[in-house]
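Below: the structure, in structure tokens.
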Amino acid sequence: MNTPRTVGCRKLAVLFWLMLCVLPAYAASDAAPSYVQNELTDARLSGQGSFRWFGLKIYDAALWVEGNEHKADALTSAKFVLDLGYARDLYGDRIAQSSISEISQLGFGTAGQRVVWLGKMKSLFPDVHAGTHISGVYLPSQGARFYLDSKLLGEINDPEFARAFFAIWLDPRTSAAKLRSQLLATKP
């Protein structure tokens with residue numbers, strides 16, 4: 041018999057069941073992947089967002105930082121991981137060329153340095169497919185380490201390159217100001 045009390049109990053039971061299903065998935069979304077945990081002893085998700093070009097989603101980005109004391113203006117003094125999860129197929133050469141264009145627009149490096157950096161990125165960055173992740177680890181005063189789907193791709197041991205590369209997303213002058221705000225969890 042469906043009394044108001046049994047109907048209410050059923051609704052409560054369904055709601056409780058849904059919470060049990062949804063909450064673990066929500067909590068897992070903030071858990072750092074194992075390679076991030078290996079890089080950052082106290083990994084915390086600073087922020088995440090999507091990059092779109094003329095409405096087309098190119099990638100989702102997530103910025104992992106160390107501990108709770110992380111500050112946006114101290115990005116070059118602490119190790120962090122920037123993960124890009126691609127939403128479409130792209131050639132590695134195109135990723136490298138777009139990166140160097142952004143670096144140039146931000147005014148980082150000399151023309152000669154940018155030629156060297158482009159060559160290093162072209163040799164390191166593979167073609168990607170929808171679902172592929174490339175993650176960069178900022179290594180203060182050293183350079184950058186890169187992962188492809190949590191497997192080590194290689195390193196570029198040049199601190200100036202690392203600062204210029206991560207500036208694409210994190211410099212206040214970035215062409216992706218909304219994404220920067222999302223990554224740093226700040227208001228634009």
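If you want the working numbering, it's the 1-based position in the sequence shown plus 40. By construction, the Cβ of each residue, glycine as well, lies at the ideal position given by its N, Cα and C atoms. Remember, predicted model here, so these are calculated numbers, not experimental data.
For this session: Out of I140, S74, A102, state which residue places its alpha-carbon closest to the alpha-carbon of L124.
Result: What you label residue 124 is simply residue 84 of the sequence shown in a count that begins at 1. Ranking I140, S74, A102 by Cα distance to L124 puts A102 first.
For this session: Give the C-beta separation of F120 and E142 to the nearest angstrom, bearing in mind that I take them to be a contact with Cβ-Cβ under 8 Å.
Result: As a working note, residue 120 is residue 80 in the sequence shown. As a working note, residue 142 is residue 102 in the sequence shown. Not really, about 18 Å apart at Cβ, beyond 8 Å.
For this session: Pick out the complete alpha helix (DSSP H) segments inside the stretch 181-221, 4 residues or longer, and give them in chain order.
Result: 199-210
Problem set entry | Start and end residues, beta strand (DSSP E) containing L96 | Here residue 96 corresponds to residue number 56 of the sequence shown, with the count starting at 1. Its beta strand (DSSP E) spans residues 96-106.
Problem set entry | Neighbourhood of I140 by C-beta, 8 Å cutoff - its chain only, sequence neighbours within 5 removed | On the sequence shown, residue 140 is found 100 positions in, with the first residue counted as 1. Answer for I140: R154, W157, L158, M161, listed in chain order.
Exercise. I think L146 touches I196, with their Cβ atoms under 8 Å apart; what is that distance to the nearest whole Å?
Worked result: If you number the sequence shown from 1, residue 146 lands on position 106. If you number the sequence shown from 1, residue 196 lands on position 156. Incorrect: roughly 17 Å between the Cβ atoms, too far for contact.
Problem set entry | Which listed residue (S90, G89, Y75) has its alpha carbon closest to that of A83 | Along the sequence shown, one-based indexing puts residue 83 at 43. The shortest Cα separation from A83 among S90, G89, Y75 belongs to Y75.
For this session: Tell me where the beta strand (DSSP E) around L124 begins and ends.
Result: Here residue 124 is taken as the residue at index 84 of the sequence shown, counted from 1. L124 -> beta strand (DSSP E) spans 120-126.
Problem set entry | Under the three-state DSSP convention, the category G147 falls into | The count along the sequence shown starts at 1 and reaches residue 147 at position 107. Coil at G147, not helix or strand.
Problem set entry | Residue burial classification, L210 (beta-carbon count within 10 angstroms, cutoff 16) | If you number the sequence shown from 1, residue 210 lands on position 170. Flag for L210 reads buried.
Exercise. Starting from V76 and walking both ways along the alpha helix (DSSP H), at which residues does that stretch end?
Worked result: Translated into positions along the sequence shown, residue 76 becomes position 36. First-last of the alpha helix (DSSP H) with V76: 74-79.
Exercise. Given that a residue counts as buried once 16 or more other Cβ atoms are within 10 Å of its Cβ, and exposed if not, what is S86?
Worked result: Residue mapping note: residue 86 aligns to position 46 of the sequence shown, counting from 1. Its Cβ being crowded by 16 or more others within 10 Å, S86 is buried.
Exercise. Since F35 and A216 are thought to touch, with beta carbons under 8 Å apart, how far apart are those beta carbons, to the nearest angstrom?
Worked result: Absent from the model: residue 35. The displayed extent of the chain is 41 to 228, so no value can be given.
Exercise. To the nearest angstrom, how far is it from the Cα of Q222 to the Cα of Q88?
Worked result: Walking along the sequence shown from the start, residue 222 turns up at place 182. Walking along the sequence shown from the start, residue 88 turns up at place 48. Cα to Cα, the separation comes out at about 6 Å.
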